[in-house]
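Chains as they are written, first to last, in our numbering: chain A, 1 to 468; chain B, 1001 to 1277. In this text, a Cβ means the ideal position worked out from N, Cα and C, and glycines have one as well. Predicted model, so just to flag it, every value in this text is computed and none were measured.
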Amino acid sequence: MGNLPKITKKSVPMAEQSPEERIHNFNEVPLGYTPEEAIAEASRCLHCVNPTCIEGCPVHIRIPDFIQAIKDGDFAKSIAIIKEDSSLPAVCGRVCPQEEQCQEKCIMGKIGDPIFIGKLERFVADWEASQGIEVTPVKGKREGKVAIIGAGPAGLTAAGELAKYGYEVVVFEALHDTGGVLRYGIPEFRLPKSIIDREVEYIKRLGVKIELDMVIGRTLSIDDLWADGFDAIFIGTGAGLPKFMGIPGENLNQVYSANEFLTRVNLMKAYLFPEYDTPIKIGKRVGIVGGGNVAMDAARTAVRLGAEKVYVIYRRTEKEMPARIEEIAHAKEEGIIFHFLSNPVEILGDADGNVVGMKCIRMQLGEPDESGRRKPIPIEGSEFTIELETVVTSIGTGPNPILLKAFPGLKLNRRGYIEADPETGATSIEGVYAGGDIVTGSATVILAMGAGKKSAKAIHEYISSKKK
Amino acid sequence: MYEILATRMLAPKIFEFEVKAPNVARKAQAGQFLIIRLHERGERIPLTIADYNRDIGSITIVFQVVGKTTDELSTFKEGDKLADVVGPLGNPSELENGKKVVLIGGGVGIAPIYPIAKSLKEANNEVVSIIGSRTAELLFWEDKMKQVSDRLIVCTDDGTKGRKGFVTEALEGLINEGEKIDRVWAIGPMIMMKFVASVAKKYNVPTTVSLNTIMVDGTGMCGACRCTVDGKIKFACADGPEFDAFKVDFDELLKRAIRFKEEEKIAYERYLKGRGA
Ligand SMILES: Cc1cc2nc3c(=O)[nH]c(=O)nc-3n(C[C@H](O)[C@H](O)[C@H](O)COP(=O)(O)OP(=O)(O)OC[C@H]3O[C@@H](n4cnc5c(N)ncnc54)[C@H](O)[C@@H]3O)c2cc1C
Ligand SMILES: Cc1cc2nc3c(=O)[nH]c(=O)nc-3n(C[C@H](O)[C@H](O)[C@H](O)COP(=O)(O)OP(=O)(O)OC[C@H]3O[C@@H](n4cnc5c(N)ncnc54)[C@H](O)[C@@H]3O)c2cc1C
Ligand code: SF4
Ligand code: SF4
Ligand code: FES
Chain A
1 MGNLPKITKK SVPMAEQSPE ERIHNFNEVP LGYTPEEAIA EASRCLHCVN PTCIEGCPVH
61 IRIPDFIQAI KDGDFAKSIA IIKEDSSLPA VCGRVCPQEE QCQEKCIMGK IGDPIFIGKL
121 ERFVADWEAS QGIEVTPVKG KREGKVAIIG AGPAGLTAAG ELAKYGYEVV VFEALHDTGG
181 VLRYGIPEFR LPKSIIDREV EYIKRLGVKI ELDMVIGRTL SIDDLWADGF DAIFIGTGAG
241 LPKFMGIPGE NLNQVYSANE FLTRVNLMKA YLFPEYDTPI KIGKRVGIVG GGNVAMDAAR
301 TAVRLGAEKV YVIYRRTEKE MPARIEEIAH AKEEGIIFHF LSNPVEILGD ADGNVVGMKC
361 IRMQLGEPDE SGRRKPIPIE GSEFTIELET VVTSIGTGPN PILLKAFPGL KLNRRGYIEA
421 DPETGATSIE GVYAGGDIVT GSATVILAMG AGKKSAKAIH EYISSKKK
Chain B
1001 MYEILATRML APKIFEFEVK APNVARKAQA GQFLIIRLHE RGERIPLTIA DYNRDIGSIT
1061 IVFQVVGKTT DELSTFKEGD KLADVVGPLG NPSELENGKK VVLIGGGVGI APIYPIAKSL
1121 KEANNEVVSI IGSRTAELLF WEDKMKQVSD RLIVCTDDGT KGRKGFVTEA LEGLINEGEK
1181 IDRVWAIGPM IMMKFVASVA KKYNVPTTVS LNTIMVDGTG MCGACRCTVD GKIKFACADG
1241 PEFDAFKVDF DELLKRAIRF KEEEKIAYER YLKGRGA
């Protein structure tokens, strides 16, 4: 130490599949760093005395420390540091909106490219995986049994943490597979399913029991769980209820919610139809309505399914798009056509109920609304029609309904999500905790994971005080 | 994995299976359904819980071979296992008591109408059942239906058994006999439910139908099962499957039911070829 660090303004790019190649497959797009590349990128970090990057990370990973370990070539130490705060580094390193979290706050960003923190995180997580799964056996069992509802990132994290505390943990999942949105929503080319399998395998080795095909509220009630001797319950059921626009033609045959479209392709593997039984039908031209990550995923999936033209219809401008910048860039490279400042007013169909087009209207941005974003206003008389065979709506979701309907005593907020203490996840009912999208509404993997972790700690404290 | 305990052919292309699924049997109620997946590559298909036995922890399904998955299912034997059985899904039937009710089951719809008839009978209703099929050979569960009905009317389209004609004509016949009916429940092909609804509407008899839309998850997460009821979008799996027949947009549903027709054909032909049929 002592001498000033050398400043390298340019980041080390991560190799990617070329757009021409990747539009024909579902394989992951970025290919990962080599150790040399990772060390080179890590060496750019200034190891700031007041590392602002940490503030940008919702779970406050000790970023400069894990980067230092990479620089030293001690990848094992690096991943250990990350795992103090994150249970899903291989996932978050890939899907975190880094450019508005840790990297946005990175000081290097002021003079050049920020440190590619997410890519480095992904590198060490993948390095660890290449070494085979290692599980330190849980020391000392504790008395107490916890039920986790939903095997998304919130539920899986809570389960893993509680198992490490030594509790008996059972996860109940409605679908036939784990992962929640990571499995059914985020496509293979952005998050390979093998990574979720690996995380779940790890949690199982910690002793967590996972019961699939269990819809809580139908297959078992909350009272059944209490009767089965669970001391606490964590709810992580997500925000998966698709919203629709309420315009004419929305129930025409090839109008899918993004959830249906992505679930068919990801969970049910319709991209391998007829090898797999679940079909998907898209025609030649596909219109995606919305501007978030989900819309980008749907658009890029449509390209890979062989659509000749894929349009994204978004009512504001590119600047307001909530999708990650990287995803918008990927979408553009893959030939997706954007119609900004446009909003659908009607989906047009033929006599058999098949989609033939979509009528849209042009918008202009008016005064900022409550959210601070400028409100789009339709321009009268500016309607235009796009010819297409498939429409995918991606305009947001609401809380998953089944459990909430079966749990009338549970207090919800005005938007219909569970009211829970942001620090502990405690709900209005003793012993019942909640976290992830079912509390916040549609958010991010890292926040869901963080909530699962906080709740696990609170549940541990709750059970220990009760068992005293 | 869910073991098949018994299989039986009820009629050509119509099968009855008893499947071990204690979690589903424990909670099953009339009007609910389940989703099964045959194996890793399989799709998720909804089937009504036609009966259940809580002591053994088993459920009964009755299905008709109409395409790839149901055909493949029909080749499963006693002792074979299904990859997934999830349920009970959907809301249970809202049962009344002390009323006069007419239950209509058409074709394979006889199976799902049975548990509702049974529950209504247990709840002290006067149960009149109408079951119908294209021809005598396709009729099943006549004895089971008789046991839970005060009166059973059988009809076939071709007159090979019972009354000749459609179930709707039998319903209209009952109404014309001066029977005061409090509610009709109808389950069968979409087109049958549509016509029952229009007959019942003519005489203003409240009618409930169970919608068999295409589904994926069955938990309210995808919207594949959506339908228009009273001008609003509803999800058949989470809001239904039973709805007020007068408010359902059947024409839309008839179109939505065949939205994957070409793909279904590809899958079925490929499967039959692979099986050497
Ligand atoms: C297409 C798409 C792309 C996304 N991309 C990103 C991204 O790039 N980066 C990012 O950070 N975030 C992204 N997100 C958001 C992120 O995936 C979610 O915020 C996160 O998954 C929420 O986790 P969760 O555990 O709260 O819920 P979920 O992941 O929704 O999991 C909930 C689980 O609970 C199960 N469940 C529901 N009801 C019941 C019940 N009654 N009984 C039993 N089980 C039940 C569900 O089947 C599901 O498996 C994306 C979301 C989508 C849809
Ligand atoms: C709530 C509910 C209860 C049902 N109960 C029964 C029952 O008790 N017995 C029975 O025989 N059938 C029942 N069905 C219909 C049954 O699900 C379909 O016959 C089955 O999915 C056909 O699959 P397939 O691959 O053999 O045929 P395919 O070739 O795939 O399809 C033939 C026809 O079946 C319908 N269908 C296809 N896929 C689905 C799907 N995923 N979900 C629903 N319908 C689909 C379509 O209208 C299609 O045109 C029920 C459907 C619902 C929604
Ligand atoms: S978890 Fe996400 S925000 Fe935190 S350091 Fe990793 S990539 Fe950045
Ligand atoms: S702010 Fe950037 S440069 Fe500073 S420690 Fe964090 S990652 Fe390194
Ligand atoms: S089947 Fe997916 S919402 Fe009903």
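Residue i CB to nearest heavy atom of ligand 4 below 6 Å
i          : result
Thr8(A)    : no
Leu120(A)  : no
Pro89(A)   : no
Pro1278(B) : Any property of residue 1278(B) remains undetermined from this structure, which presents chain B solely from 1001 to 1277.
Same chain, Cβ closer than 7 Å to residue i, five either side skipped, listed in chain order
i          : result
Leu1047(B) : Phe1033, Leu1034, Ile1036, Ile1061 and Phe1063
Ile402(A)  : Val215, Gly217 and Arg218
Gly240(A)  : Asn259, Thr397 and Asn400
Leu1016(B) : One detail in the question is off: residue 1016(B) reads as Glu in this sequence, not Leu. Excluding sequence neighbours, Glu1016(B) sits near Arg1008, Leu1010, Thr1060 and Val1062.
Ala443(A)  : Asp437
Ala1050(B) : Thr1060, Ile1061, Val1062, Ala1111, Pro1112, Tyr1114 and Pro1115
Sequence-distant residues of the same chain with beta carbon closer than 6 Å to residue i, five excluded per side
i          : result
Glu168(A)  : Lys145
Gly292(A)  : Pro322 and Ala323
Ile325(A)  : Glu99
Met1192(B) : Gly1106
Ala456(A)  : Ala158, Glu161 and Leu162
Ligand 1 heavy atom lying under 6 Å from the CB of residue i
i         : result
Gly425(A) : no
Val303(A) : no
Gly185(A) : yes
Ile149(A) : yes
Val215(A) : yes
Leu403(A) : yes
Val95(A)  : yes
Sequence-distant residues of the same chain with beta carbon closer than 8 Å to residue i, five excluded per side
i          : result
Met1(A)    : Model confidence at Met1(A) stands at a pLDDT of 46, short of 50, so the residue's coordinates are unreliable and nothing is read from them.
Val265(A)  : Pro187, Tyr271, Ile280, Thr301 and Leu305
Ser1149(B) : Leu1103, Ala1117, Lys1121, Val1127, Val1128 and Ser1129
Lys10(A)   : Gly112 and Asp113
Leu1272(B) : Asp1071
Ile328(A)  : Met296, Glu318 and Met321
Glu1264(B) : Gly1067 and Lys1068
Val286(A)  : Ala299, Ala302, Ala307, Lys309, Val310, Tyr311, Leu388, Glu389, Thr390, Val391 and Val392
Check whether residue i and residue j have beta carbons under 7 Å apart
i          : j          : result
Thr393(A)  : Ser257(A)  : yes
Ile63(A)   : Ile117(A)  : yes
Ile186(A)  : Leu156(A)  : no
Ile1181(B) : Val1199(B) : no
Ala1136(B) : Cys1155(B) : no
Ile446(A)  : Pro58(A)   : yes
Gly56(A)   : Cys96(A)   : no
Ile148(A)  : Ala158(A)  : yes
Val1003(B) : Lys1020(B) : The sequence shown places Glu at residue 1003(B), not Val. Yes, these two residues count as a Cβ contact at 7 Å.
Lys466(A)  : Glu161(A)  : no
Tyr311(A)  : Thr263(A)  : no
Val138(A)  : Lys119(A)  : no
Lys1255(B) : Asp1230(B) : no
Heavy atom of ligand 3 within 6 Å of residue i beta-carbon
i         : result
Gln68(A)  : no
Cys57(A)  : yes
Gln101(A) : yes
Ser11(A)  : no
Near ligand 2: residue i beta-carbon under 6 Å from a heavy atom
i          : result
Ala1111(B) : yes
Asn1097(B) : no
Gln254(A)  : no
Under 7 Å by beta carbon: chain D residues contacting residue i
i         : result
Asn253(A) : Any reference to chain D falls outside this structure, whose protein chains are A and B.
Unbroken alpha helix (DSSP H) runs of length 4 or more, entirely within the stretch 66-115 of chain A: which are they?
-> 75-83, 89-95 and 108-111
Completely contained beta strand (DSSP E) runs for the stretch 169-249 of chain A, where each covers 3 or more residues | 209-211 and 232-235
Whole beta strand (DSSP E) runs in the stretch 1149-1187 of chain B with 3 or more residues, listed along the chain?
-> 1151-1156 and 1183-1187
Let me have the residue list for ligand 5: C-beta closer than 7 Å to any non-hydrogen atom, ordered along the chain.
-> My final list is Glu260(A), Met1215(B), Val1216(B), Asp1217(B), Gly1218(B), Thr1219(B), Gly1220(B), Met1221(B), Cys1222(B), Gly1223(B), Ala1224(B), Cys1225(B), Phe1235(B), Ala1236(B), Cys1237(B) and Ala1238(B).
At what residue ranges does the stretch 1051-1120 of chain B contain a whole run of the beta strand (DSSP E), taking only runs of 3 or more?
-> Runs found: 1051-1053, 1058-1064, 1084-1089 and 1100-1106.
Fully enclosed by the stretch 30-60 of chain A, which alpha helix (DSSP H) runs are 4 residues long or longer?
-> For the stretch 30-60 of chain A, whole alpha helix (DSSP H) runs of length 4 or above, ordered along the chain, are 35-42 and 52-56.
Kindly provide the ranges of any beta strand (DSSP E) runs that are 3 or more residues long and lie completely inside the stretch 247-328 of chain A, ordered along the chain.
-> 255-257, 285-289 and 309-313
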